[in-house]
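Those sequence lines, one after another, are chains S and H. Note that the numbering used here has the first sequence beginning at 298, numbered continuously upward. Note that the numbering used here has the second sequence beginning at 298, numbered continuously upward.
2 protein chains.
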Amino acid sequence: MPTVLVLDAPAPAPPPRLGSLTGRARVLHADAETLADRLPEADVLLVWDFLSHAARRAWPGAGPRPAWVHTASAGVDHLMCPELAASDAVVTNARGIFDQPIAEYVAALVLALAKDLPRTLDLQRERTWRHRESRRVAGTRACVVGSGPIGRAVVRTLKALGVAAVLVGRTARTGVYGPDDLDRLLARADWVVCAAPLTDDTRGMFDERRFGVMQPSACFINVGRGQLVVEDDLAAALSKRWIAGAALDVFEREPLPADSPLWTAPGLIVSPHMSGDTVGWRDELGAQFVSLFGQWEAGRPLTNVVDKERGYVPGH
Amino acid sequence: MPTVLVLDAPAPAPPPRLGSLTGRARVLHADAETLADRLPEADVLLVWDFLSHAARRAWPGAGPRPAWVHTASAGVDHLMCPELAASDAVVTNARGIFDQPIAEYVAALVLALAKDLPRTLDLQRERTWRHRESRRVAGTRACVVGSGPIGRAVVRTLKALGVAAVLVGRTARTGVYGPDDLDRLLARADWVVCAAPLTDDTRGMFDERRFGVMQPSACFINVGRGQLVVEDDLAAALSKRWIAGAALDVFEREPLPADSPLWTAPGLIVSPHMSGDTVGWRDELGAQFVSLFGQWEAGRPLTNVVDKERGYVPGH
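As structure tokens, then:
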């Protein structure tokens, strides 16, 4: 019977749905401390704690390594290391689970910013009635960076609201603009949405220069990874009114430290990495792993296989 | 030359675009105090102050009355009185201007409630990182009450987000449910949206009984008129957790008094009657009146004519 090693998250509970592996696999659990010791026993590693970097740290150690690593996340930046990339191990991700929830979350942020909802809630707290004009979303322009399933779902959802949304990816292809078009598209966007994977190419891509080309009326939204944004540069761009507003759901350090200046940056909405996590998401992630395990057990090719060099599942 | 009398709003400025009436009409201005005195001179009354009840109070007075009354609003409840209803005067409204902006505003509220955005902003203020699960909007059900252009735009926009949205109107017809279906539809709705006109039939329609049939997970949104809702009953329904949340953009008394308990009702978003007022709205309202004036001047039938008995423009 193969051994599945689960890198558990500290809270709130181990993955659901693994009961259906009973009699098909031995399921062991590890935390960040014990992972390195138990890794040689594993045929399969399930990275349930998608915030932890423990797998990346443990992988280069001694002993045999599992042939298959699955992460309960869209991004794989927290687990990839040169040794894993160079190995024969197959890496799969949670492609598909977060697309629609994150697209809705982005739509919620775009509409909240357009309708000045944070200010409305501030005024409510002060019991102050102050009528303002707000922005119409239909007819505005969005530039969505990251052409994977999440970026594509964001484009679809914004288009449904009448927004002219374009997609920018690593390479230009039908329906997707390439990096050479990025600055031109940023310069005319009302909404810039970052849904890119974190790779060597994308790290820090939203910096002073990129915020500098955006319109003063533009808003920036990041649902990718915190390290895609130079946070100090974003805070400065907001303070100097280079852009009108922003929303971050992901951060360089998570949880965001209580003393971070981002909590109070002008015009910035801070949310705790929750954009994809709608009721039932843990259940869906567990079921997805069980489904992939069935493919693996039957010797069929796995779906959701990540290109370990690129750092994401290559798509259309 | 005909005389157009404008009931001005106290702030911020008289209607734009009336310059194009130069040489075609004499434009006089009145406020709530002077309206009654000037009304006999007017061939046309433009009710620019759509919050004022001055026109309703002045109409029954002595002297001749204008043949045409236009209000820069979708609702006509603030100006209708039995004498105006019984007269030969034609009443027109701002049908069409507010549909899409209000639909977007409702979408913003639905998404903000689904994604728990008010709580996120509260936690940000406390510099507290607290991950929560939120709700997926696609696949939920909405019941939109009010089958005019605004209600229909709300249904279209929610459907674009994957919400199964149904419309309830004064009479059942193709694509519109009637009053007999209302309670059944309320009982299964995740989102109840009120976009109805204020008439004798609709006044106070959202009361203790109606909140009592809704699901505990349901949220209620009012973008119609404040008097459609028994506000104390809504506050009680929220306090007792009969429903999960609500958002009001309109109130029995506007501005909402600073001592109103609604400001702090649990789970309630209070906004200052701004749902339809996107940048450029006053300009659009002014241009719409000028366009109608052109029809009137040429002796052509006016569009946007309100059925004075029903209190709205009869539609499809």
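Idealized CB from N, CA, C, for every residue including glycine.
Worksheet item: Apart from the five residues on each side of it in sequence, which residues of its chain come closer than 8 Å, Cβ to Cβ, to Pro398 (chain H)?
Response: Cβ within range, chain order: Ser572, Gly573, Asp574, Thr575, Trp578.
Worksheet item: How is Trp365 (chain H) classed by DSSP in three states: helix, strand or coil?
Response: Residue state, collapsed to three classes: strand.
Practice prompt. Go to Ile518 (chain S), then tell me how far its beta strand (DSSP E) extends in each direction, as first and last residue.
Written response: Per DSSP, Ile518 (chain S) belongs to the beta strand (DSSP E) from 516 to 519.
Worksheet item: Quick one: does Pro552 (chain H) have its CB under 7 Å from some CB of chain S?
Response: It does; some Cβ of chain S falls within 7 Å.
Worksheet item: How would you list, in chain order, the residues of chain S whose beta-carbon sits under 7 Å from the beta-carbon of Leu622 (chain H)?
Response: Any question about residue 622 (chain H) goes unanswered here, given that chain H covers just 298 to 613.
Worksheet entry | Candidates H:Gly475, H:Ser384, H:Ser370, H:Asp497: closest to Pro363 (chain H) by CA position | In terms of Cα proximity to Pro363 (chain H), the closest of H:Gly475, H:Ser384, H:Ser370, H:Asp497 is H:Ser384.
Worksheet entry | 6 Å Cβ shell around Ala450 (chain S) - same chain, five flanking residues per side excluded | Closer than 6 Å at the Cβ level, and outside the excluded window around Ala450 (chain S), lie Asp396, Gln397, Ala400.
Worksheet item: Would DSSP call Trp539 (chain H) helix, strand or coil?
Response: Trp539 (chain H) sits in coil when the DSSP states are folded into three classes, being neither helix nor strand.
Worksheet entry | Close-in-space but distant-in-sequence residues of the same chain around Asp413 (chain S) (CB under 7 Å, 5 per side omitted) | Here the set comprises Arg429, Ser431.
Item to complete: Can you give me the start and stop residues for the alpha helix (DSSP H) that Trp578 (chain S) sits inside?
Response: Run containing Trp578 (chain S): 578 to 594, per the alpha helix (DSSP H) assignment.
Fill in: Contacts of Glu528 (chain S) in chain H (Cβ-Cβ under 8 Å)
Within chain H, no residue comes near Glu528 (chain S); the closest Cβ sits about 15 Å away, beyond 8 Å.
Worksheet item: Which one of S:Ala339, S:Ala369, S:Pro337 has the shortest CA to CA distance from Ala306 (chain S)?
Response: The alpha carbon of Ala306 (chain S) has as its nearest neighbour, out of S:Ala339, S:Ala369, S:Pro337, the alpha carbon of S:Ala369.
Fill in: Pairwise C-alpha distance: Arg353 (chain H) and Glu380 (chain H)
Their backbone Cα atoms lie some 9 Å apart in a straight line.
Worksheet entry | Selected residue, minimal CA-CA separation from Arg453 (chain S), among S:Leu535, S:Ala391, S:Ala404 | Arg453 (chain S) has its Cα closest to that of S:Ala404, out of S:Leu535, S:Ala391, S:Ala404.
Practice prompt. For Val576 (chain S), go through chain H and note every residue whose CB falls closer than 9 Å to its CB, in chain order.
Written response: Simply Glu430, Ser431, Arg432, Arg433.
Fill in: Best match in H:Arg467, H:Val434, H:Ala534 for proximity to Asp487 (chain H) [C-alpha to C-alpha]
Of the listed residues, the one whose Cα sits closest to Asp487 (chain H) is H:Val434.
Practice prompt. List the residues of chain S whose Cβ lies closer than 9 Å to the Cβ of Ile566 (chain H), in chain order.
Written response: Within 9 Å of the CB of Ile566 (chain H), the CB atoms of chain S belong to Leu414, Thr417, Leu418, Gln421, in sequence order along the chain.
Worksheet item: Using 8 Å as the threshold, is the stretch 532 to 542 of chain H in touch with the stretch 502 to 513 of chain H, meaning 3 or more CB pairs across them?
Response: A contact exists between the stretch 532 to 542 of chain H and the stretch 502 to 513 of chain H.
Worksheet entry | Alpha-carbon spacing of Gly466 (chain S) relative to Thr389 (chain S), whole angstroms | Approximately 21 Å, taken between the alpha carbons.
Worksheet item: At a Cβ threshold of 7 Å, is Trp488 (chain S) touching chain H?
Response: No - not a single Cβ of chain H is within 7 Å of the one on Trp488 (chain S).
Discussion item. Quick test of your reading: Val341 (chain H) and Trp365 (chain H), contact by CB under 8 Å. State the CB separation rounded to the nearest angstrom.
Written reply: The Cβ separation is near 5 Å, so the contact holds.
Worksheet entry | Residue burial classification, His367 (chain H) (beta-carbon count within 10 angstroms, cutoff 16) | Within a 10 Å sphere around the beta-carbon of His367 (chain H) sit 16 or more other beta-carbons, which makes this residue buried.
Discussion item. Comparing C-alpha positions only, which one of H:Ala382, H:Phe590, H:Asp334, H:Leu410 sits nearest to Val489 (chain H)?
Written reply: Selected option, being the one with the closest Cα: H:Leu410.
Worksheet item: Could you give the distance in angstroms between the alpha-carbon of Gly358 (chain H) and the alpha-carbon of Ala333 (chain H)?
Response: Straight-line spacing of the CA atoms in Gly358 (chain H) and Ala333 (chain H) works out to 7 Å.
Worksheet entry | Where Trp426 (chain S) meets chain H, residues with beta-carbon distance less than 7 Å | Here the neighbours are Pro552, Leu553, Pro569.
Discussion item. I'd like to know if Pro398 (chain S) contacts chain H, where contact means its C-beta is closer than 7 Å to some C-beta of that chain.
Written reply: Pro398 (chain S) counts as touching chain H.
Discussion item. Residues in the same chain with beta-carbon distance under 7 Å from Gly459 (chain H), minus the five sequence neighbours each way, listed in chain order, please.
Written reply: Excluding sequence neighbours, Gly459 (chain H) sits near Val434, Ala435, Gly436.
Fill in: Residue from H:Leu318, H:Asp530, H:Pro311, H:Pro337 with nearest C-alpha to His326 (chain H)
Ranking H:Leu318, H:Asp530, H:Pro311, H:Pro337 by Cα distance to His326 (chain H) puts H:Pro311 first.
Worksheet item: Quick one: is Trp365 (chain S) near chain H, going by C-beta distance under 7 Å?
Response: Interface annotation, Trp365 (chain S): not in contact with chain H, CB-CB separation never under 7 Å.
Item to complete: Kindly list, in the order they appear in chain H, the residues whose Cβ is closer than 8 Å to that of Ala457 (chain S).
Response: Those within 8 Å of Ala457 (chain S) in chain H are Ala457, Leu458.
Worksheet entry | Status (buried if at least 16 other CB within 10 Å, exposed otherwise) for Ser514 (chain H) | So Ser514 (chain H) ends up on the exposed side.
Item to complete: With 7 Å as the threshold, decide whether the Cβ of Trp560 (chain S) is near any Cβ in chain H.
Response: Chain H has a Cβ within less than 7 Å of the Cβ of Trp560 (chain S).
Item to complete: State the Cα-Cα distance for the pair Val387 (chain S) and Val603 (chain S), rounded to the nearest angstrom.
Response: For Val387 (chain S) and Val603 (chain S), the distance between alpha carbons rounds to 8 Å.
Worksheet item: What number of angstroms, rounded off, separates the C-alpha of Met298 (chain S) from the C-alpha of Val324 (chain S)?
Response: Distance between the alpha carbons of Met298 (chain S) and Val324 (chain S) is about 10 Å.
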